[in-house]
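Residue numbers (the working numbering): 36 to 256.
All C-beta atoms in this analysis are idealised placements derived from N, C-alpha and C, irrespective of residue type, glycine included.
To keep things clear, I will list the structure first and then write my remarks on it.
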Amino acid sequence: MSKLKQILSYLWPITSKKDSDFSGKLEITWIDGKKVLDTKNANYSYGTLQKVLENGLKNVDFQQINSVLILGLGGGSIARSLQEKFNFCGSIHAVEIDKKIIELAKTEFDISAIKNLTIYNEDALSFVKNSKQIYDLIIVDLFIDTEIPDVFLSEEFCQNLIEICQNSILFNLGFNRKTRDKGQNLIGFFKNTSNFTVLALEKVEGINRLLLAKKQYSQNH
């Protein structure tokens, strides 16, 4: 049946809808031979979002990355990108609060096939605050539809990220105008944090904003 849907999707999109615990209706759509995960107003996985984050990941030196933390799993497209496009072979931990999204990622997008991936069904805020592990790269992609909850744009959350980050933080700031000022404040926070350099990427894929904060080390480190 999936093969038939894949073939027919070159003629017209084929969509099924599922309820989620936090993001309202989720849409799983076959389009042009590929399957994507969307909410009412935003792509969650395997579409524009995947391309946006891949643009940011091009600025990461993966020779220095052995462990990745993904906050916001979605359908698992970024975990797949890490391995298939960036040849990343290290450990990937993914945190997702929505149990139904995790189920969809497994049943519809086969993320169980991704090597070295561990999924935590937890709130990202408490996970980061209580983590005993240090990660080389942290990817923050925490949305409810098009909105980033305010708590994930706070200095407290960013300070928690810094404390468990060894190398780089890639933060998806989205495209919602409501969060633009808070996103700008977040960029300022990292710029004012010692031993971090900041790359702000505007209009990625024509619309999105990304922040890449890289930890710098002194010559005698």
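For residue i, the nearest candidate out of the options (CA to CA)
i      : options                           : result
Phe57  : Arg115, Pro184 and Asn243         : Pro184
Val163 : Leu104, Gln118, Phe144 and Ile137 : Leu104
Ile137 : Leu106, Glu119, Ser166 and Gly125 : Leu106
Asp145 : Cys200, Gly110 and Ile132         : Gly110
Asn207 : Thr228, Lys167, Thr181 and Ala140 : Thr181
Thr257 : Ile242, Arg244, Arg215 and Asn195 : This structure gives no information on residue 257, because the portion of the chain shown stretches from 36 to 256.
Gly125 : Leu139, Asp158 and Tyr170         : Tyr170
Gln168 : Thr74, Leu39, Lys38 and Gln201    : Gln201
Beta-carbon contacts of residue i that lie in its chain and below 6 Å, excluding the five residues immediately before and after
i      : result
His256 : Bear in mind that a pLDDT of 43 at His256, under 50, signals an unreliable position, so the number given afterwards is only what the model happens to contain. For His256, where only same-chain residues beyond five positions count, there are no Cβ hits under 6 Å.
Thr83  : Glu240
Leu205 : Gly91, Ile174 and Leu247
Ser166 : Ile199
Arg215 : none
Gln254 : The predicted model places Gln254 with a pLDDT of 44, which falls under 50 and marks its position as unreliable, so this point remains unresolved.
Lys53  : Leu61
Lys135 : Ser55 and Asp56
Own chain, CB closer than 8 Å to residue i, minus 5 neighbours either side, in chain order
i      : result
Phe231 : Ile197, Phe225, Ala248, Lys249, Lys250 and Gln251
Phe192 : Leu160, Val163 and Val186
Phe123 : Phe97, Ile100, Val103 and Leu117
Glu143 : Ile63, Lys70, Leu72 and Gly110
Glu297 : Past the boundaries of the shown model lies residue 297; the chain is included only from 36 to 256, so the question cannot be answered.
Phe210 : Thr181, Ile242, Asn243 and Arg244
Residues bridged to residue i (per DSSP)
i      : result
Asp56  : For Asp56, which the question treats as bridged, DSSP gives no partner whatsoever.
Asn243 : Val239
Thr64  : Thr50 and Val71
Asn207 : Leu245
Glu198 : Answer is none; Glu198 lacks a bridge partner.
Lys150 : In DSSP, Lys150 forms no bridge with anything.
Thr228 : According to DSSP, which records beta bridges pairwise, Thr228 is partnered with nothing at all.
Val175 : Leu106 and Phe206
Distance cut-off 6 Å: residue i Cβ against heavy atoms of the ligand FMN
i      : result
Phe162 : Questions concerning the ligand FMN fall outside what the structure shown contains, since it holds no ligand whatsoever.
Chain-order list of residues whose beta-carbon lies under 7 Å from that of residue i (same chain, five-residue window excluded)
i      : result
Lys279 : Since the first residue of the chain shown is 36 and the last is 256, residue 279 is not available in this structure.
Phe121 : Leu92 and Phe97
Ile179 : Phe57 and Ser58
Lys141 : Ser147
Glu89  : Ser116 and Lys120
Ile222 : Val233, Ala235 and Leu246
Glu131 : Gly107, Leu108, Ile137, Ile154 and Asn156
Asn94  : Leu234 and Leu247
Asp158 : Ile132
Glu190 : Phe224
Distance between beta carbons of residue j and residue i, contact taken as under 8 Å
i      : j      : result
Ala148 : Ile127 : Ala148 to Ile127, Cβ: 13 Å. No contact.
Ser203 : Leu172 : 5 Å
Asp275 : Ser55  : Any property of residue 275 remains undetermined from this structure, which presents the chain solely from 36 to 256.
Lys217 : Leu188 : 4 Å
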